[in-house]
Structures are given as structure tokens and as C-alpha cells.
Amino acid sequence: MKAPLLVNLAPAVSTDVCRWCFEYWGMAYRESMHVPIFHVLALAWHRASNSDRPVVVDGSDRYKTEAEITAHFDPLAPTERRLIPDGELGQRVLAETNYYHKTMRSGTVHYMYWNLLKHKQLIWPSFTTGTPGVEPPLAQVLYPLIKFALITSLGLSEANAAKGIKTVSAGFDRVEAALSDGRPYLLGEQFTLADLTFAASAAPIILASGYAGHMPELEAVPVDMQTVILELRQRPAGIFAQRMYDLHRKKPSNAGS
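According to this note's numbering, the sequence shown holds residues 12 to 268 in order.
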């Protein structure tokens with residue numbers, strides 16, 4: 012049987028969350044990544060919609076959204092590689108995961124998309140790396156439409172970008188409060204989906220090393236962005252996010268593309 016197929020748009024944090032999960036579980040997987048807008052057609056081909064994404068196609072089965080994907084595949088992993096513990100701890104992990112996924116990540120998206128969309132050359136590798144060969148040339152022509160669609164669908168604006176920084180900062184406050192007693196991970200002694208989701212959701216806004224979303228180098232982004240990124244990088248939560256990548260993002264050779 013073929014390995015499960017991950018279908019999504021290339022720059023999405025959710026793409027990298029699923030990649031990281033499969034790598035951590037030690038499960039082979041394949042990717043079908045697409046330029047924004049083109050991903051809608053790919054999802055429709057696999058009987059899913061933009062609101063369902065990401066989608067993992069496993070034979071005749073479809074697993075939609077991060078929550079459904081992790082709920083299905085995590086129990087199939089070796090016990091020592093599971094990211095969602097059993098019992099009450101597992102419920103706490105899911106609650107924390109939900110916050111970083113749905114609340115803090117929105118701040119990252121609003122700030123980074125709004126600022127990087129102003130500089131096509133900075134965001135282009137994130138949009139196009141690993142996508143089908145026909146999509147990048149078409150995206151060159153359609154970039155103004157892609158930019159407009161993202162601004163409209165994500166509610167991007169200067170005001171929301173500023174609010175986004177505050178949302179991310181509140182998420183960092185939450186992490187730093189959890190870690191203030193010296194614990195190594197958000198829920199105690201064990202690396203869980205909450206740690207992974209926080210790190211991936213913070214990665215674009217600190218330009219974390221190990222993030223597979225093809226973000227620009229720090230030196231390439233405008234100076235005002237460098238200031239924000241460096242401030243967040245140097246916070247204890249930013250250091251924690253990078254440490255999660257350093258300790259737990261080791262891609263096995265059997266991950267397909």
C-alpha cells in the first residue's frame with residue numbers, strides 16, 4: 012500500500028505540523044503541496060474543501076484538519092512516540108494544542124503574511140517550493156490575484172498585523188508561565204503535541220531553524236520585521252520553540268515527497 016498522502020498549501024503552518032508529526036511517529040508519508048489558490052483545486056480533487064485542510068488521504072479514507080489527522084494516526088505510533096497521552100493528561104494536551112493552533116497561530120499568520128506579501132521575492136520560495144511544475148509559472152502571472160485572495164480571506168491589514176503581534180506575545184506569556192517552574196515541556200516531563208504545535212505556530216515569526224516552510228533568512232527581511240523577530244526569538248518562549256526543533260525535529264529517511 013502507498014504511504015498516506017498529505018494534501019495542503021505549501022506555506023501553511025498546518026503542513027509543517029503534519030510533516031513533523033509523521034516524522035516523529037516514524038511513519039512514511041507523501042506530500043501533495045500546492046501554491047495558495049491552486050490548493051483549493053487539489054483539495055476538491057480529493058473530495059475536501061479549504062475549510063477541511065490539511066487532508067491526509069490514506070487509501071479510500073480521508074482525514075481532515077490537524078485534529079482529525081492526529082487523532083487517527085497518533086494511536087498507531089509506537090507508545091514512546093505518541094504525542095497525545097492517555098487520560099486526563101491527554102485532555103490537557105489537546106486543550107493547550109487547541110489554543111496554540113486556533114488562537115496564537117492566527118497572530119503569526121496575520122503578522123507574517125501581511126508583511127511578507129509586500130515583498131514577493133521573500134515569500135515566493137514558501138509559496139512554490141515542492142509544488143507541481145505547472146503551478147509556479149502560473150502563479151507568477153496570477154500573483155496579484157493570489158495576494159488579493161489571501162488578504163481578503165485571511166482578513167489581513169496593518170491593524171490586524173499589529174494585533175497579531177499582541178496575540179503572539181500573549182501566547183508566549185502563556186508558555187513562559189507554564190515553564191516558570193523549571194519543567195522541560197509545557198505539560199511536564201514529556202514532549203507532546205502541545206509542544207510541537209506551539210513550536211510550529213511560533214516558527215514563522217521567529218524564523219526558526221528546522222521549520223520546513225521555506226521562510227526567508229533574517230537578514231533578508233525589512234529592518235522593522237527583524238526587530239520584532241529578534242525580540243520574540245530572545246524571549247524564553249522563543250528559545251523554547253527553537254529548542255523543540257533542535258531536540259525533536261529529526262527527519263527520518265523514509266519521509267516521502
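Ideal Cβ placement from N, Cα and C applies to all residues, glycine included. Owing to the predicted nature of the structure, the values given are computational and were not obtained by experimental measurement.
Handout entry: Pair within 7 Å by beta-carbon distance, residue 246 and residue 183
Key = Against the sequence shown, residue 246 aligns to sequence position 235. Against the sequence shown, residue 183 aligns to sequence position 172. For residue 246 and residue 183, yes; Cβs fall inside 7 Å.
Handout entry: Cut-off 7 Å between Cβ atoms - residues of its own chain near residue 54, not counting five sequence neighbours on either side
Key = Residue numbering aside, residue 54 sits at position 43 when the sequence shown is read from its first letter. 18, 60, 61, 63, 64, 66, listed in sequence order.
Problem - Span of the alpha helix (DSSP H) around residue 45 - result: On the sequence shown, position 34 is the one that residue 45 refers to. No alpha helix (DSSP H) holds residue 45; the beta strand (DSSP E) holding it covers 41 to 45.
Practice task
Entirely within the segment 57 to 117 and at least 4 residues each: give me those alpha helix (DSSP H) ranges in chain order.
Solution key: 76 to 84, 98 to 110
Exercise for the section: State yes or no: is the C-beta of residue 142 within less than 7 Å of the C-beta of residue 38? Expected result: As a working note, residue 142 is residue 131 in the sequence shown. As a working note, residue 38 is residue 27 in the sequence shown. No.
Problem - Closest by C-alpha distance to residue 36, when choosing among 24, 72, 81, 51 - result: Sequence index remark: in the sequence shown, residue 36 carries index 25 (1-based). Per the Cα distances, 81.
Practice task
Measuring alpha carbon to alpha carbon, tell me which of 121, 23, 197 ends up nearest residue 108.
Solution key: Translated into positions along the sequence shown, residue 108 becomes position 97. Considering only alpha carbons, the answer is 197.
Handout entry: Test: residue 187 CB closer than 7 Å to a CB of chain D
Key = Within the model displayed, chain D is absent; a lone protein chain is all it includes.
Problem - Buried versus exposed, by CB contacts within 10 Å (16 or more), residue 68 - result: As a first step, residue 68 is located in the sequence shown; it is residue number 57 there, counting from the start. Buried, because 16 or more other Cβ atoms sit within 10 Å of the Cβ of residue 68.
Handout entry: Rounded separation between residue 133 and residue 98 - CA only
Key = Working through the sequence shown from its first residue, we reach residue 133 at position 122. Working through the sequence shown from its first residue, we reach residue 98 at position 87. The alpha-carbon atoms of residue 133 and residue 98 are separated by roughly 44 Å.
Practice task
Could you pull out every residue in the same chain whose Cβ sits closer than 8 Å to the Cβ of residue 194, ignoring the five residues on either side in sequence?
Solution key: The count along the sequence shown starts at 1 and reaches residue 194 at position 183. Closer than 8 Å at Cβ, skipping near neighbours: 200.
Exercise for the section: Flag this pair as touching only if the segment 215 to 224 and the segment 109 to 127 have three or more C-beta atom pairs under 8 Å; answer yes or no. Expected result: yes
Handout entry: Which of helix, strand or coil DSSP assigns to residue 20
Key = Counting from 1 along the sequence shown, the entry for residue 20 is found at position 9. In the structure shown, residue 20 sits in a strand (DSSP, three-state: E or B).
Practice task
List the endpoints of the continuous alpha helix (DSSP H) containing residue 247.
Solution key: Translated into positions along the sequence shown, residue 247 becomes position 236. Element bounds for residue 247: 247 to 259.
Practice task
Report the residue from 234, 14, 242, 26 whose alpha carbon sits nearest the alpha carbon of residue 127.
Solution key: Here residue 127 corresponds to residue number 116 of the sequence shown, with the count starting at 1. Answer by Cα proximity: 234.
Exercise for the section: Confirm the yes/no value for this check: CB of residue 126, any heavy atom of the ligand COA, distance under 6 Å. Expected result: This structure does not include the ligand COA; it has no bound ligands of any sort.
Handout entry: Under the three-state DSSP convention, the category residue 182 falls into
Key = On the sequence shown, residue 182 is found 171 positions in, with the first residue counted as 1. Looking at residue 182 - three-state DSSP - the assignment turns out to be helix.
Handout entry: Beta-bridge pairing of residue 196 - partner residues as DSSP gives them
Key = Residue 196 sits at position 185 when you count from the first residue of the sequence shown. 199, per the DSSP bridge assignment.
Problem - Cα-Cα separation between residue 163 and residue 90, rounded to whole angstroms - result: Position 152 of the sequence shown, counted from the first residue, corresponds to residue 163. Position 79 of the sequence shown, counted from the first residue, corresponds to residue 90. The alpha-carbon atoms of residue 163 and residue 90 are separated by roughly 43 Å.
Problem - Alpha carbon of residue 150 to alpha carbon of residue 157, nearest angstrom - result: Along the sequence shown, one-based indexing puts residue 150 at 139. Along the sequence shown, one-based indexing puts residue 157 at 146. For residue 150 and residue 157, the distance between alpha carbons rounds to 8 Å.
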